[in-house]
Every structure is written in structure tokens, then in C-alpha cells.
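Everything below concerns the one structure shown next.
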Amino acid sequence: MKLSEIKEILPTLNNVQFQLENGTFVPEHFHVTEVGQINKKFIDCGGVIRDEKNVNFQLWNADDYEHRLKPGKLLNIIRLSEEKLGIEDAEIEVEYQTNTIGKYDLEFDGTNFILKSKTTACLAQDACGIPSEKQKRNLSELTGAQTTSCTPGGGCC
Numbered sequence: 003m004k005l006s007e008i009k010e011i012l013p014t015l016n017n018v019q020f021q022l023e024n025g026t027f028v029p030e031h032f033h034v035t036e037v038g039q040i041n042k043k044f045i046d047c048g049g050v051i052r053d054e055k056n057v058n059f060q061l062w063n064a065d066d067y068e069h070r071l072k073p074g075k076l077l078n079i080i081r082l083s084e085e086k087l088g089i090e091d092a093e094i095e096v097e098y099q100t101n102t103i104g105k106y107d108l109e110f111d112g113t114n115f116i117l118k119s120k121t122t123a124c125l126a127q128d129a130c131g132i133p134s135e136k137q138k139r140n141l142s143e144l145t146g147a148q149t150t151s152c153t154p155g156g157g158c159c
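Numbered according to our numbering, the sequence shown spans residues 3 to 159.
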């Protein structure tokens with residue numbers, strides 16, 4: 003989800019709720035402790051230089067159980083970040099700590115913001131020697147497709 007999308011959604015909501023893919027909700031007394039832009043410049047294993055920009059939201063739980071972040075307040079935090087930091091309209095990455103700090107993509111299901119697990123991947127598979135995945139076939143397909151077969155004493159084995 004891009005920053006422009008969350009800015010369109012927030013005015014339509016009564017509450018801001020974040021939910022992990024497994025159905026667990028981020029406690030409703032969470033704080034958004036950071037909104038920023040992360041610029042990452044790197045080289046992949048194929049030698050290609052890459053630039054990546056994400057808008058970062060950091061969620062944090064405190065012992066402040068009376069705290070509730072309302073949609074208008076989050077929208078104001080986003081607007082202030084755009085004004086003061088020059089944040090661009092980029093994909094949102096959410097940091098949230100469970101056992102360790104996790105990074106998540108963000109989606110919206112019509113009611114809740116869903117924290118989608120991110121995975122790593124090789125960006126240059128064609129250049130770094132990782133073989134492409136072999137096509138899986140049923141054994142029955144292979145034996146039916148053969149025009150010749152090997153028989154005991156036939157000399158083919």
C-alpha cells in the first residue's frame with residue numbers, strides 16, 4: 003500500500019486497527035512512534051546497483067492502556083512528516099515488534115490494516131547461479147510418453 007492510499011482510507015474510518023496475517027491484532031493502545039522515509043541503496047549479487055524507497059511506520063505498545071490513535075491523528079502525523087521531511091508517495095513498510103522487530107507490507111481489508119509478512123529473495127537469480135526450479139511431473143506421465151521400453155534381457159539397461 004502506498005502512502006497516498008492510506009491517506010484516502012483514514013478519513014473513512016472510526017478507528018485504526020492493525021492486524022497480523024495470523025489474525026492477531028496489534029493492541030489497540032499502540033503508538034506510531036516513527037513515520038519516515040527509508041532510502042536504501044545497494045548492489046545485488048548480480049552486480050546491479052539498486053535504489054529503494056519506502057515510507058516507514060513504526061508501531062509500539064506502551065503501558066499506556068488508555069491511548070487510542072484515531073484516524074485523524076494518524077493523518078496529521080503523516081501530513082506533518084510529508085511537510086517536514088519531504089516524504090514521497092512510496093510503499094509503506096511497517097515495523098512492529100513481536101519476538102523481534104519485524105518488517106511488514108501493508109494492506110487494507112475494508113476494516114483493518116493487515117501487516118503482511120515480508121520475505122527475502124534473490125533479485126538476480128539469472129546472474130548468481132541459482133538453478134531454476136525443475137518442473138514437477140508425475141511418474142505416470144513419463145512412462146506413458148515413452149515410445150520404447152526396457153525389458154529384461156533387452157540390452158537397454
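The C-beta atom is built at its ideal place from N, Cα and C for all residues, glycine as well.
In this structure, LEU61 lies near VAL28, with their beta-carbon atoms less than 8 Å apart. By a beta-carbon distance limit of 8 Å, ASN58 does not contact GLU85. Their separation comes to about 17 Å. Ranked by how close their Cα comes to the Cα of MET3, the residues PHE20, LEU108, PRO13 and SER119 have LEU108 in first place. Taking 3 residues as the shortest admissible run, the segment 34-72 contains the following complete beta strand (DSSP E) segments, listed from N- to C-terminal end: 51-63. Counting along the chain, LYS118 sits inside the beta strand (DSSP E) bounded by residues 115-119.
Just measuring C-alpha positions, the residue of ILE132, ILE116 and THR153 sitting nearest ALA123 is ILE132. By the neighbour-count criterion, in which a residue is buried when 16 or more other Cβ atoms sit within 10 angstroms of its Cβ, VAL37 is buried. In this structure, DSSP gives LEU108 an extended state, which the three-state scheme calls strand.
THR26 and ALA126 have their C-alpha atoms roughly 35 Å apart.
Cα atoms of GLU68 and HIS31: separation of roughly 7 Å, rounded to the nearest angstrom. Taking a C-beta distance under 8 Å as the contact criterion, ILE94 and ASN56 qualify as a contact pair.
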